[in-house]
Each structure stands twice: as structure tokens, then as C-alpha cells.
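Here the protein sequences come in this chain order: A, B and C. This note's numbering applies: residue 35 is where the first sequence begins, and numbers increase by one. This note's numbering applies: residue 41 is where the second sequence begins, and numbers increase by one. This note's numbering applies: residue 384 is where the third sequence begins, and numbers increase by one. Where is the CB? At the ideal position from N, CA and C, for every residue including glycine.
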Amino acid sequence: MSTIPLFTDESWSLPSRGRVGMLSLIVGECGIFTIFVVAYIYYIGRSAYGPTPRILELPIFNTVCLLSSSLTIWLAERAIEHGAMRRFAALWALTIALGAIFLGGTAMEWHTLIFRDHLTVRTNLFGTTFYSLVGLHATHVIVGLIGLSIVMIFTLLGRVNRSHAERVQVLALYWHFVDAVWVVVFTVVYIVGR
Amino acid sequence: MADQTLPIPAPLIGEAHAASGTWLEWLHSWVVTVDHKKLGILYIVYSLFFLLVAGAEAMAIRIQLAFPHSHFVSPEAYDELFTMHGTTMIFLVGMPILFGFANYLVPLMIGARDMAFPRLNAFSFWLTAFGGLLLYFSIVGGFGLYGMGNAPDIGWFAYAPLTARAFTPGHNTDYWALALIVSGFGTLGTAINIIATTLCMRCRGMTLMRMPLFVWLLLVVSVMTLVTITPLTAAQVMLLIDRYLGGHFFDAQAGGSPMVWIHFFWIFGHPEVYVLVLPAFAIANEIIPVFARKAIFGYPAMVAASVGIGFVSMTVWAHHMFTVGMTSMGNTFFVLSTMVVGIPTGIKIFNWLATLWGGRIRFATPMLFATGFLFQFLIAGLTGIMLSVAPWDWQLHNSYFVIAHFHYVLVGAIVFCIFAAIYYWYPKATGRMLSETLGKWHFWLFLIGFHITFDTMHFVGMLGMPRSIYTYEPDRGWNTLNLIISLGGFVQGVAVLIFAWNLIYSYVRGKEAGNDPWDAWTLEWATPSPPPAYNFAIDPVVRSRRPLWDLKHPQDPDWKYER
Amino acid sequence: MCPGMADGPQSTPSIFAPASTPAHEIYGLSLFVLLITGTIFVSVAGLLTYVLIRYRSRPSDEQHEPAQVYGSVQVELAWTVIPILIVVVLFLTTARIIFAVQDAPKPKTALDVTVIGHQFWWEFRYPKLGIVTANELHIPVSTGEHPEPTYLRLLSADVDHSFWVPQLAGKTDLIPNHPNDLWMDPREPGLYLGQCAQFCGVEHAKMLLRVYVDTPEQFAAWVNDQRKPGVQDENVAAGRQIFETEACQNCHAINGTAAKGTFGPELTHLMTRATIASGAATNTPDNLRAWIKDPATFKPGALMPAMQLSDQQIDQLVAYLSTLH
Numbered sequence: 035m036s037t038i039p040l041f042t043d044e045s046w047s048l049p050s051r052g053r054v055g056m057l058s059l060i061v062g063e064c065g066i067f068t069i070f071v072v073a074y075i076y077y078i079g080r081s082a083y084g085p086t087p088r089i090l091e092l093p094i095f096n097t098v099c100l101l102s103s104s105l106t107i108w109l110a111e112r113a114i115e116h117g118a119m120r121r122f123a124a125l126w127a128l129t130i131a132l133g134a135i136f137l138g139g140t141a142m143e144w145h146t147l148i149f150r151d152h153l154t155v156r157t158n159l160f161g162t163t164f165y166s167l168v169g170l171h172a173t174h175v176i177v178g179l180i181g182l183s184i185v186m187i188f189t190l191l192g193r194v195n196r197s198h199a200e201r202v203q204v205l206a207l208y209w210h211f212v213d214a215v216w217v218v219v220f221t222v223v224y225i226v227g228r
Numbered sequence: 041m042a043d044q045t046l047p048i049p050a051p052l053i054g055e056a057h058a059a060s061g062t063w064l065e066w067l068h069s070w071v072v073t074v075d076h077k078k079l080g081i082l083y084i085v086y087s088l089f090f091l092l093v094a095g096a097e098a099m100a101i102r103i104q105l106a107f108p109h110s111h112f113v114s115p116e117a118y119d120e121l122f123t124m125h126g127t128t129m130i131f132l133v134g135m136p137i138l139f140g141f142a143n144y145l146v147p148l149m150i151g152a153r154d155m156a157f158p159r160l161n162a163f164s165f166w167l168t169a170f171g172g173l174l175l176y177f178s179i180v181g182g183f184g185l186y187g188m189g190n191a192p193d194i195g196w197f198a199y200a201p202l203t204a205r206a207f208t209p210g211h212n213t214d215y216w217a218l219a220l221i222v223s224g225f226g227t228l229g230t231a232i233n234i235i236a237t238t239l240c241m242r243c244r245g246m247t248l249m250r251m252p253l254f255v256w257l258l259l260v261v262s263v264m265t266l267v268t269i270t271p272l273t274a275a276q277v278m279l280l281i282d283r284y285l286g287g288h289f290f291d292a293q294a295g296g297s298p299m300v301w302i303h304f305f306w307i308f309g310h311p312e313v314y315v316l317v318l319p320a321f322a323i324a325n326e327i328i329p330v331f332a333r334k335a336i337f338g339y340p341a342m343v344a345a346s347v348g349i350g351f352v353s354m355t356v357w358a359h360h361m362f363t364v365g366m367t368s369m370g371n372t373f374f375v376l377s378t379m380v381v382g383i384p385t386g387i388k389i390f391n392w393l394a395t396l397w398g399g400r401i402r403f404a405t406p407m408l409f410a411t412g413f414l415f416q417f418l419i420a421g422l423t424g425i426m427l428s429v430a431p432w433d434w435q436l437h438n439s440y441f442v443i444a445h446f447h448y449v450l451v452g453a454i455v456f457c458i459f460a461a462i463y464y465w466y467p468k469a470t471g472r473m474l475s476e477t478l479g480k481w482h483f484w485l486f487l488i489g490f491h492i493t494f495d496t497m498h499f500v501g502m503l504g505m506p507r508s509i510y511t512y513e514p515d516r517g518w519n520t521l522n523l524i525i526s527l528g529g530f531v532q533g534v535a536v537l538i539f540a541w542n543l544i545y546s547y548v549r550g551k552e553a554g555n556d557p558w559d560a561w562t563l564e565w566a567t568p569s570p571p572p573a574y575n576f577a578i579d580p581v582v583r584s585r586r587p588l589w590d591l592k593h594p595q596d597p598d599w600k601y602e603r
Numbered sequence: 384m385c386p387g388m389a390d391g392p393q394s395t396p397s398i399f400a401p402a403s404t405p406a407h408e409i410y411g412l413s414l415f416v417l418l419i420t421g422t423i424f425v426s427v428a429g430l431l432t433y434v435l436i437r438y439r440s441r442p443s444d445e446q447h448e449p450a451q452v453y454g455s456v457q458v459e460l461a462w463t464v465i466p467i468l469i470v471v472v473l474f475l476t477t478a479r480i481i482f483a484v485q486d487a488p489k490p491k492t493a494l495d496v497t498v499i500g501h502q503f504w505w506e507f508r509y510p511k512l513g514i515v516t517a518n519e520l521h522i523p524v525s526t527g528e529h530p531e532p533t534y535l536r537l538l539s540a541d542v543d544h545s546f547w548v549p550q551l552a553g554k555t556d557l558i559p560n561h562p563n564d565l566w567m568d569p570r571e572p573g574l575y576l577g578q579c580a581q582f583c584g585v586e587h588a589k590m591l592l593r594v595y596v597d598t599p600e601q602f603a604a605w606v607n608d609q610r611k612p613g614v615q616d617e618n619v620a621a622g623r624q625i626f627e628t629e630a631c632q633n634c635h636a637i638n639g640t641a642a643k644g645t646f647g648p649e650l651t652h653l654m655t656r657a658t659i660a661s662g663a664a665t666n667t668p669d670n671l672r673a674w675i676k677d678p679a680t681f682k683p684g685a686l687m688p689a690m691q692l693s694d695q696q697i698d699q700l701v702a703y704l705s706t707l708h
């Protein structure tokens with residue numbers, strides 16, 4: 035290959051593989067969510083019997099928590115870029131806390147639905163589609179929280195520094211996605227479908 | 041070319057030959073490998089194994105159908121055979137073998153040393169492999185609570201509500217869904233990897249519009265995979281929710297609709313056809329120019345046509361559903377979107393024709409298979425147009441005509457291209473040429489067998505024979521035709537055995553290949569055969585679409601003409 | 384199509400032998416599409432063959448490479464326009480037939496039949512005539528002077544099926560919770576064969592269809608016959624006794640008896656049908672006996688169980704069933 039003329043004048047830059055990889059994963063995830071959302075919308079009002087979406091209460095507090103965690107993680111990304119590790123750790127922990135509150139809120143909502151309203155996956159079509167769509171999103175929150183916690187542990191051990199900014203941002207991209215999907219799920223389940 | 045590669049540093053040579061040792065060390069080196077070339081070969085060997093398995097299933101099907109009212113297999117076994125044949129060929133042969141070629145070739149062609157995520161790559165392969173084993177484990181483990189069935193017997197399309205617990209009480213349907221979910225995640229990982237590799241790992245000078253068409257098409261395929269495999273995964277998760285948690289997604293009694301499954305399945309199922317056929321085009325795009333001794337005609341048009349096919353293929357799924365009772369407007373829309381696919385496809389065929397025009401065509405075995413591909417793909421495209429004509433499809437749908445059409449695509453186009461690719465790149469991967477004599481026997485027998493079988497299938501379909509039936513009535517006028525179809529199947533079987541023998545024989549006795557046996561132009565031919573683990577001793581730099589052409593013709597390089 | 388003709392006397396359900404308007408419309412369209420695709424095939428394959436022969440490498444060739452051509456925008460445009468024009472023509476022709484067949488106005492004289500798909504047999508209900516029968520559909524011929532097309536409402540009791548009698552109309556699926564419609568107006572009396580065209584389980588292959596197209600007189604006679612209550616012959620009371628006390632009546636109905644089951648085919652006029660087991664066997668006493676003894680003889684996987692009756696019981700039962708004209 036040495037005989038191929040070299041071109042040092044051409045500037046050569048390629049996108050980050052972490053970002054491209056994560057964005058591809060997000061595109062794929064969108065495929066899964068689209069199918070569940072379409073199924074939910076298609077089956078609105080088609081349950082032959084049993085409870086209807088009227089029993090749902092708007093999870094405003096939950097939603098505020100989850101959406102603001104997108105802001106805190108963005109601030110954390112800025113912090114690690116500037117090497118402000120203490121600020122990063124604090125914001126990162128806050129993000130995890132907000133995510134955990136959201137998850138706890140979902141758990142309480144489900145507890146009420148199951149024991150007060152007797153709505154389970156088997157009850158009717160609404161139960162099936164509701165638990166699978168909201169559950170699919172909650173699964174993604176759990177996966178995100180596991181990822182965030184791993185970074186948190188390494189941060190507390192002092193192993194994370196400015197050079198990891200890009201990796202952290204790639205993970206944050208996933209968290210932003212999880213938040214963005216909630217906007218769709220919230221709109222479909224609690225506003226359109228109710 | 042040998043004199044033009046750089047001397048390899050001694051420590052690296054040591055690493056490249058680390059595989060020689062006890063057989064246990066050899067096995068270990070394959071199991072733990074993260075090298076894209078080894079993983080590519082693993083994918084291909086895995087798929088070839090399942091090709092033989094699914095081929096044997098097809099033989100059993102053809103023995104059963106050779107005569108009316110035959111009792112070679114029971115109805116239950118027949119249903120399992122055609123379900124496993126379809127599922128295996130699509131998910132355990134078609135996808136893995138094409139991703140195997142992508143794994144092996146994409147980094148080499150773009151001058152990279154490995155994929156973007158080598159460990160994800162290994163993980164994806166083993167997931168896919170586990171999925172295949174899980175599917176076949178159903179034969180042992182699918183003997184469910186009610187003693188019903190063994191292997192899945194619901195058709196590869198698995199239409200609800202036949203998949204509901206009420207109609208398939210055993211565990212075989214669960215194995216089907218789980219195995220495909222698992223291998224689907226493997227496929228997703230590989231697709232992500234290929235996208236990241238092509239976008240982020242290109243060598244200096246390898247701009248997007250200088251990438252070999254093979255890489256371009258695999259990029260398109262990978263993006264399509266992201267949005268086609270995931271709907272199937274989602275639908276199968278719904279199926280499992282129905283079966284295990286008592287959900288009602290496809291339960292007509294509770295207000296659910298089997299139509300939802302049909303839509304979701306084909307939202308996956310149709311783009312899937314293009315996910316399989318675009319890599320076949322990719323192979324033809326590499327082989328046809330090299331054997332015609334000309335640059336590909338209309339490179340930008342080929343790229344645009346591929347991207348166009350990718351987009352349009354997302355909007356055509358319901359042409360599998362002309363008989364489910366859509367409105368006349370719905371049917372009309374899907375007729376139009378389906379016919380539109382014919383336009384970029386036509387452009388591709390014309391570009392291949394123009395590439396051959398004025399060339400100096402060498403008919404070595406890879407080119408023979410590529411030629412077969414061109415003719416058969418033309419016919420497959422035209423029968424596709426016939427099926428897109430919704431009223432005619434009301435007759436042809438689910439008949440043997442459809443079987444003939446998609447085997448023309450899957451065998452006549454894709455399998456022919458896969459054979460071409462194996463004859464073309466085997467020397468690169470092993471350092472030895474495949475036998476041309478055996479190759480020509482393989483080609484001609486396979487070609488003849490293929491046409492005996494699948495040409496005839498069109499007619500038996502038009503005479504009213506539906507698919508998925510384990511036997512047929514002797515008074516319908518299908519007897520002779522079915523016997524002919526079965527005989528053709530056996531000719532193909534013999535051809536595949538010759539091919540398998542060629543693979544083994546040439547590995548030991550084949551002619552030494554050298555680095556560049558076909559006098560080709562893409563970067564993989566600049567490496568030794570087989571390439572070392574690091575691929576390129578020095579990162580290559582390219583200035584055109586055909587770096588080795590530039591190298592071989594310094595007075596007349598491509599980059600002077602390309603824009 | 385010719386090789387299939389060597390099989391002796393038969394009735395091939397070919398799509399190229401249409402006997403009803405929808406099938407005829409499709410037939411005409413298919414000839415047009417065949418003409419266009421055939422022309423494309425001959426020209427492109429001819430060109431390809433020419434190129435492969437004309438530009439093959441010859442031993443006498445000089446060793447340097449042929450001239451390199453990279454592409455041409457004009458040429459690309461030219462061969463993009465041609466397929467677009469062909470697509471426009473094909474699309475417009477197809478759309479016309481879709482609307483002509485799917486949205487054809489339903490005349491007042493039309494006969495309504497409800498078709499219900501079961502694993503693995505067909506139930507036919509004539510709501511206006513009060514007839515319920517199975518597996519063999521009788522419809523009147525529809526002539527120019529007396530148009531009497533048949534409109535089928537397609538339902539399913541369990542899984543997806545598909546109603547396909549190629550000579551009468553294209554196939555349409557029977558999907559639970561998704562009623563479909565299909566119409567046909569056969570011009571010639573006769574027997575038209577078809578079968579289920581959507582995989583529906585083990586015995587999908589033996590879910591055969593027989594459509595009898597009757598002359599108006601024949602049809603009126605058949606209707607008259609079917610509306611009579613079941614024949615009750617005291618000579619075969621023992622068989623009737625078995626029918627009503629063993630599990631037969633759980634699934635089958637016979638008018639005028641206690642048997643009201645709906646899970647299996649209605650049997651009031653069983654002897655007016657030429658076949659049993661949805662076309663899997665001809666309707667003879669021997670076949671009936673074998674079928675009742677063990678349905679797996681003809682249809683392994685059929686949902687009717689072997690009732691473990693003694694030979695004497697089966698004889699009595701068959702004697703009873705043989706009176707159901």
C-alpha cells in the first residue's frame with residue numbers, strides 16, 4: 035500500500051462511533067415503541083368488558099420528575115466537559131434520584147390499579163395494552179438507571195474524569211431518549227386514550 | 041500484488057499464526073475471538089450448516105408432495121417441516137450468511153482494522169447462534185404439557201390466532217418466538233455495528249461516495265434492519281404476553297384482532313425481503329464489474345436506487361394482505377407503492393447491463409452465478425409485478441405461484457449471489473482457489489434443478505394449488521407437475537452436495553490463490569490471503585472508488601475521472 | 384399448463400378457466416399484465432444475452448483492459464422514465480379492476496350466504512332461506528336475463544381461513560372479528576372445486592370446497608329439500624338413540640331431534656351431500672363407517688374424536704345417518 039500517494043492536506047474526521055452506535059440503537063428502540071404505541075392506539079375503546087382508561091389518574095408529579103432529570107443530566111454532561119467532577123457527581127446523583135422517584139411512582143400507580151381497580155394484564159384489552167406499553171417504558175427506565183448507577187459507582191470511586199466526557203454523553207443520550215419516549219407514552223395513554 | 045504489500049513486523053506474524061497448536065487451543069481461539077474475519081467465517085459456516093438442514097427439510101417436503109395422498113410424513117410432521125424450513129432459511133441462513141459476508145468484508149473494504157465494536161460483534165454472533173440452537177432444541181424441548189407437537193408448526197408467518205394457547209397448546213410456538221427474539225437481538229447488534237463501522241472507521245480518503253457499493257448497500261440494509269427486526273420483536277413479545285400472561289392482543293373474543301398481527305408481521309416481513317436481497321445486489325455489484333473488467337456504470341444512480349428501494353420498501357407491506365379484506369382505496373395505495381419499487385429495481389438491472397456492455401467478460405464460476413442471478417432476478421421482478429396487481433393477487437396469493445416467486449428471489453437471486461460470493465472470496469479467506477471444474481458442475485446442475493423446480497411451481501399455482509398443504513387430491517391435474525418439481529429439487533440437492541465437497545476438497549487441495557487472484561480493485565485484495573488479524577500493516581489511503589485500479593494503472597487512475 | 388393435462392379425467396381449478404364475472408375480470412387483467420411483463424422479459428433478457436455473448440472474453444483478445452465508462456446522466460434518465468411510464472399504465476389498469484370488482488353495486492336479486500370457517504370444515508348459512516348446511520355450497524346460476532349473483536359474508540369461528548374457488552372469484556380470507564365479503568355470478572351450471580387457502584392447522588390440506596352451481600329449477604328443488612325437517616324413520620330408531628345419547632349431539636345438529644350442537648357440521652340432510660369430512664372422502668356407507676370409527680382414517684388431526692363405539696353401534700348409527708335425505 036505504500037505506493038498509494040498520501041494526502042496529508044485533506045482534513046479527515048469521522049463521527050464518534052459511540053454516538054453513532056447509540057443513535058442506531060435508539061432508532062431500533064423507536065421501532066419497538068412504535069409497534070406498542072400503534073397497538074395501544076388501535077385498541078383504545080375496544081375492550082369488550084372490564085375497566086376503561088377512565089380509572090387512570092394523571093401522573094403529573096412523575097412526569098415532572100422524569101422530564102427534569104433530562105435537564106439535570108444535561109447539566110451533568112456540561113460539568114464533566116469542564117472537569118467539574120463534584121458538580122458532575124451531584125447532578126448525576128440527582129438524575130438517578132429523579133429516575134428512581136418516577137419508577138416508584140409507576141409502582142404505586144400499578145399497585146393501586148391492581149388492588150383497587152382489579153386491572154391486570156389478563157383483565158381486558160385495556161389492561162393488556164396499558165401494562166405492556168407503560169411496562170416497556172418502565173423497563174427502559176430500569177435499564178437506564180442501571181447504566182447511570184454504574185457510572186455513579188465509578189464516579190464515587192474517583193475513576194471518572196474529564197476524558198470520559200464522551201462516554202458519559204453517549205449514555206446520557208439513551209437517558210434523553212427514555213425521557214422523550216415518556217412524552218409520547220404520556221400523551222397516548224393519559225391524554226389521547228383517557 | 042504480493043510485492044506491493046508492506047513487510048509485516050515479526051511480532052505480528054507470530055500473532056497471526058497463533059492458531060496453530062493443539063486442537064483445543066484452536067477451538068478456544070475461535071470461541072473467544074473478536075476478530076471480524078473469524079466471526080464472519082463463523083457466521084458463514086453456521087449458515088451453511090443450517091442451509092444443509094433446511095435443504096434436507098425441503099427434500100422431505102418434496103418427497104411427500106411428489107405423489108398425491110402420499111404418507112411419507114404425517115400431517116403434523118409436514119407442518120413442522122415447512123415451518124422450520126421457512127424459519128430456518130430466513131433467520132438462520134439468509135440473515136446470518138449475509139451478515140457474515142458483511143462482517144468479513146466491510147472493514148477490509150473500507151481499510152479498517154476491525155469493526156467499530158469488536159466485542160459487541162462477538163456477542164451478536166453468539167446470540168444469533170444461540171437463537172438457532174434454541175429453535176432446533178424445540179424438537180426435544182417443545183413436547184409441552186399437553187404432549188402436543190414438537191417443532192413449531194404454525195408457518196413461518198405464524199398468523200394469529202392459530203398461535204394462541206387455545207390452538208397450539210404445547211411449547212413449540214414459544215420456542216419459535218423466543219428463538220427469533222434472541223437471534224433478533226443478535227441481528228440488531230450486528231446492524232448497529234455495521235452502521236458504526238461504515239460511518240466511523242473508514243480509512244483516509246474513503247469518503248461516503250468512494251465506498252465500494254457493497255459497503256453502501258450493507259449500510260442501507262443495516263439501517264433497514266434496525267426498523268424491520270424491531271417490529272417483529274415487539275409483535276413476538278406481544279404474542280408471548282398473550283400466551284404466558286393471559287393478554288389479549290390477538291384474542292378475538294376479548295376484542296383483539298388477528299389483523300393486528302398480520303400487519304405487524306408484514307411490516308417486518310416485507311422490508312425483510314429487501315434486507316435479504318440488497319446484500320445479494322451488493323455481491324453482484326462487486327463481482328460483475330471485476331469480471332466484465334469495467335467500472336460499475338452509474339455509481340451514484342446505484343447508490344440512489346438502493347436508498348430508494350430501502351425507503352419505498354417500508355411502505356409496501358400490505359401487498360401481502362390483498363386478500364384480508366382491505367378497502368378498495370387501501371388496496372389501490374399498496375398496488376401503487378409496490379409497483380414503484382419496480383423503478384429503482386429496473387435502474388439497477390439496466391446499470392448492470394451497461395456495466396457489461398463493452399466489457400471483456402470472463403466466465404469464471406463467480407461470474408456464472410452472477411449471470412444466473414441477473415436472469416432469475418429479472419423474472420422474479422416480473423412475477424413480483426404480477427403479484428402487485430391486486431386483483432390477480434386475489435387468485436395467486438397463497439398459491440404455489442407465490443412460493444415460486446419468492447423462491448425465485450430467495451434462491452434464484454440471493455442463493456445464486458451467495459454462491460458467487462463464496463467462489464469469489466473463498467480464496468481471500470482461505471488462501472486457496474475453489475475447484476473450477478467442480479464449480480462448473482455445481483453451477484450447471486444447480487441451475488437446471490432450479491429451473492425444473494421453480495419454473496414448474498408457477499404453473500401448478502395458476503392451476504389452483506394452495507401452499508402449506510401436506511397433500512392434494514389426485515383429480516386436480518397437479519400430479520405430473522408436482523412430480524417434476526420434486527425431481528428438480530433432487531438435482532439441486534446433488535449440486536449442493538458437490539458444492540459442499542468442493543469447499544472441503546479445495547481447502548486441502550486447492551490451488552494457491554495469492555493475494556489478488558481475480559485482478560480486482562477493492563482494498564481487501566491488497567491484503568495477504570488470508571489477511572492477518574490486523575488487516576493492514578499501514579492504514580491505507582484512497583483517492584477513488586477503485587484504489588487498486590489506481591495502483592495498477594498509475595498513468596490512468598480513476599480519481600482523474602470521478603467527480 | 385399442458386403437462387397437467389396428462390392426468391386423465393379431472394376438474395382442474397385453473398385461474399385461466401373463469402366462469403364468473405370477478406374471475407373473468409381478473410383473467411382479462413392477467414392477460415394484459417402477462418403481455419406487458421412478457422414484452423419486458425423478452426427485450427431485457429434478449430439484450431442481456433446479446434451483451435453476454437458479444438462482449439465475452441476471447442482468447443484472441445489483447446491483454447489491456449477495455450475502455451472504462453463511469454456512467455451517463457442522460458442514459459440514466461432515459462431508463463428511469465421508461466419504467467415509470469410502464470408503472471403508470473399498469474397501475475391505472477389495476478385500479479380500474481379493483482374498483483370494478485370490490486365496489487360492484489349489489490343487486491336486489493342477490494342471494495346472501497354466510498360462510499363460517501371452522502377447523503377444518505365450512506359452514507354455510509342462508510339467512511333468508513333458513514338453511515344451514517356444510518362443505519358443499521349450492522348457488523344458482525346467474526344469467527344475463529336473470530342476474531342472481533351470490534354474496535358471501537365470510538366469518539371465522541376459530542382461526543384464519545381463506546375461501547378460494549379459482550374459477551368463480553379470487554380468494555378472500557375468513558378472519559375472526561373481521562367480516563369480509565365476496566361475490567360471484569357463475570354463468571354455467573356445474574361443480575366448481577376449491578379449498579382453504581390460508582394455513583389453518585393440521586388438516587388445512589383437507590378443508591376442501593365444492594360449489595354446485597345449479598340451474599334455477601335445480602336450485603329451487605334443492606332449497607325446498609333442505610328446508611324440510613329431518614326424516615324420522617322408525618326402522619333406524621336404534622341409531623338415532625345412539626346419536627342422541629352418545630356425544631354426537633354435542634357437536635352436530637339434526638332438525639327435528641334433540642341434537643342441537645353447532646361445533647360440527649349440521650347433518651339434517653347429510654345424504655344430499657356427495658362427500659363427508661369436508662371433501663376428504665366420498666359419502667358412502669363404508670366411508671361413513673370408517674369415519675365414525677376413527678376420523679383419523681381420512682383426516683388425522685380432525686377435531687372429531689373417535690367415539691369408541693362398538694361395531695354394532697356403528698352399524699346402527701350409519702343406518703340412521705343413511706336415512707337423512
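What is the residue span of the beta strand (DSSP E) that residue i lies within?
i        : result
LEU538/C : 533 to 539
ASP515/B : Run containing ASP515/B: none; DSSP gives neither H nor E here.
Within 10 angstroms of the Cβ of residue i, are there 16 or more other Cβ atoms? Answer buried if so, exposed if not.
i        : result
THR493/B : buried
SER223/B : buried
LEU707/C : buried
GLY187/B : Summary for GLY187/B: the model assigns pLDDT 48, below 50, so the residue's position carries little reliability, and this model does not support an answer.
PHE188/A : exposed
For residue i, report the span of its alpha helix (DSSP H) as first-last.
i        : result
GLU519/C : Not the alpha helix (DSSP H): GLU519/C falls in the beta strand (DSSP E), residues 519 to 523.
Would you say residue i reaches chain A, if we count a Cβ-Cβ gap shorter than 8 Å as a contact?
i        : result
HIS606/B : Residue 606/B is absent from the model: chain B starts at 41 and stops at 603.
PRO271/B : yes
HIS288/B : yes
ALA142/B : no
VAL381/B : no
ALA42/B  : With a pLDDT of only 36 at ALA42/B, under 50, the local geometry of the prediction cannot be trusted, and the value read off the model is given with reservation. For ALA42/B, the answer is no, since every Cβ of chain A falls outside 8 Å of its Cβ.
State the CB to CB distance for the pair residue i and residue j, rounded to an integer number of angstroms; the pair is presumed to be in contact (CB under 8 Å).
i        : j        : result
PHE507/C : ALA517/C : 7 Å
Residue i: which of the options sits nearest, CA to CA?
i        : options                                   : result
PRO115/B : GLU571/C, LYS589/C and ILE436/C           : LYS589/C
LEU544/C : CYS240/B, ASN555/B, HIS437/B and PHE170/B : Note that residue 544/C is His in the sequence shown here, rather than Leu. The residue with the shortest Cα to Cα distance from HIS544/C is HIS437/B.
With a cut-off of 8 Å, does the C-beta of residue i fall near any C-beta of chain C?
i        : result
GLU564/B : no
GLN104/B : no
GLY187/B : Residue placement at GLY187/B is poorly supported in this model, since its pLDDT is 48, which falls under 50; the coordinates still yield a value, given next. Chain C contact via Cβ: absent.
HIS437/B : yes
Does the beta carbon of residue i come closer than 8 Å to any beta carbon on chain B?
i        : result
LEU430/C : yes
TYR453/C : yes
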